[in-house]
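*Asks:*
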Amino acid sequence: MALADIGLIGLAVMGQNLVLNMNDHGFKVAVFNRSISKVDEFLTGPARGTNVIGTYSIEEMVKKLKKPRRIILMIKAGLAVDTFIDKLTPLLDRGDIIIDGGNSLYTDTNRRIRTLSGKGFLYIGAGISGGEEGARNGPSIMPGGNPEAWPHVRDIFRKIAAIADGEPCCDWVGEEGSGHFVKMVHNGIEYGDMQLICEAYDFLHRGLGLDHETIQSLFREWNQGLLDSYLMEISTDILGFKDEDGTFLLKKILDTAGQKETGKWTGITALDKGIPLTLIAEAVFARFLSAMKEERVKAAKILEGPVIVLHQDTDKLMRYVEHALYASKIISYAQGYMLMKEAARNYGWNLNYGGIALMWRGGCIIRSSFLGNIKKAFDKNPGLENLLLDDFFRKAIHETQEGWRKVVAKAVELGIPTPAFSSGLAYYDGYRSVRLPANLLQAQRDYFGAHTYERVDRPRGEFFHTDWISHRGRSPSTTYDV
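For what it's worth, our numbering labels the leading residue of the sequence shown as 39, then goes sequentially.
1. So is F459 buried or exposed if we call it buried at 16+ other beta carbons inside 10 Å?
2. List, from N- to C-terminal side, the alpha helix (DSSP H) runs of 4 residues or more that fit wholly inside the stretch 175 to 247.
3. According to DSSP, is D310 helix, strand or coil?
4. Note down, in chain order, each residue of its chain lying with its Cβ closer than 7 Å to the Cβ of E186, except the 5 sequence neighbours on either side.
5. Using the Cα positions of D310 and K418, report the straight-line distance between them to the nearest angstrom.
6. Mark Q254 as exposed unless 16 or more other C-beta atoms lie within 10 angstroms of its C-beta, in which case mark it buried.
7. Do I109 and I137 have their C-beta atoms closer together than 8 Å?
8. Please name the residue, chosen from L49, N424, I404 and N55, that lies closest to Y465 on a Cα-to-Cα basis.
9. State the beta-bridge partners of D138 as determined by DSSP.
10. Assuming L287 is part of the alpha helix (DSSP H), what are its boundary residues?
11. Looking only at C-alpha atoms, which of A238, F408, I403 and K379 sits nearest to G441?
12. Any chance the stretch 226 to 234 sits against the stretch 192 to 206, with 3 or more Cβ pairs inside 8 Å?
13. Measuring straight from C-alpha to C-alpha, what distance separates S267 and R405?
14. By Cβ distance, which residues of its chain are closer than 6 Å to V445, with the 5 residues on each side in sequence left out?
15. Just checking, does the stretch 386 to 405 make contact with the stretch 487 to 504 on the three C-beta pairs under 8 Å criterion?
16. In three-state terms, what does DSSP make of I346?
17. Helix, strand or coil, according to DSSP, for F501 in the structure here?
18. Taking V100 as the reference, give the member of P84, L126 and D78 with the closest Cα.
19. Contact between the stretch 213 to 221 and the stretch 341 to 356: three or more CB pairs below 8 Å?
20. Just how far apart, CA to CA, sit I194 and L256?
In structure tokens:
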């Protein structure tokens, strides 16, 4: 029997679909799963009639691979990845390649690359987006790690990836855990996009009194224009889906959102790196708040808010909601790119920001129409500090901000929460402000903790302290940090 081109460990749905995708493109794949029964189920089920090779131990799989061996792990992030790496490495030769295709935390990938490089093995952390459908028919793939490994997997990855504008949605991202970092930011933007669409739906439904059919029609129209995206497409489908009794299924779904780790990791990383990722963080917090269902039900009976009076000028407000959604979406991407740029500075990664936008053009969950404009922005100015400073995005915000502000103001007036719309707008107004009230904040810190401050009438880097309390006739008892 001919040796396999690549091995895959982990036959959950994503793993199975990647195997079938590789098989369709002419690659022979050897598979293994910790629960051996899954191997037989796969071979006699979805993989029946394919060239997939089933193996029943890690040792058997390794023996059936061409050299240098290439092995993809499609398993749960965390300890399980380290466990399988420990099992694999005694069986491999120097130069063999391990690929983590799960949603691993990028710092774990950094550590694994350093450890395995010291032992002569090559390691790739590959972010894979697109869900089950993408894995089967063409995902977005974001590989990073040991550059020497890329030539050995390039052909496979680019052939199984989604195609957008004639190009595969896969290219080398950069060093260390940069592939998993970019996938983490992708997921953070995904959190933001989803929350924004939900806020638009809530405002249209509760604030304007539109029924699900009308909102579906509106979403369908928007999806043909500025807001063309995968998430708008599926949201349109969801709004029109009816249960067995003929009523809209969406009305019956409990309003408590689940989440995995990547959105939270994005927010934590932003805090660690000092990046104001406000919209994405609010999207994560909105999920946490939704999960407090029982408390919210109790609070609704006790806490008062404004009476929602349906607005009469619905046509104008519907257009404003479209603009608010578009402007806020731009903010979400701008913040995500800020975080990637800061990580690249911190870790010395050479990221191709325009290329990342191209990788997201197809196959992935956040694919949308203006990703091409992000590519053009970085082609024109590779050192672009913020997407908002690019002509296209600056003009887009200028043209939509009136509606954005009207929606946020009306939502506040009606008592309808719009944390992502609102935080995005606050970020925009903060970013464009020459002067913020942090001067008072610095004075407060110097007052109680002698943390010093800089002055506008002195060069940057000169720090001053004022004895604020002596002017009031008393001395501080202690100092502390805030």
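Even for Gly, the Cβ is constructed at its ideal location relative to N, Cα and C.
*Replies:* Quick answer:
1. buried
2. 188 to 198 and 216 to 240
3. helix
4. L160
5. 30 Å
6. buried
7. yes
8. N424
9. L111 and G163
10. Careful: L287 lies outside any alpha helix (DSSP H) and carries neither H nor E.
11. A238
12. no
13. 6 Å
14. Y358, V359 and A362
15. no
16. coil
17. coil
18. L126
19. no
20. 40 Å
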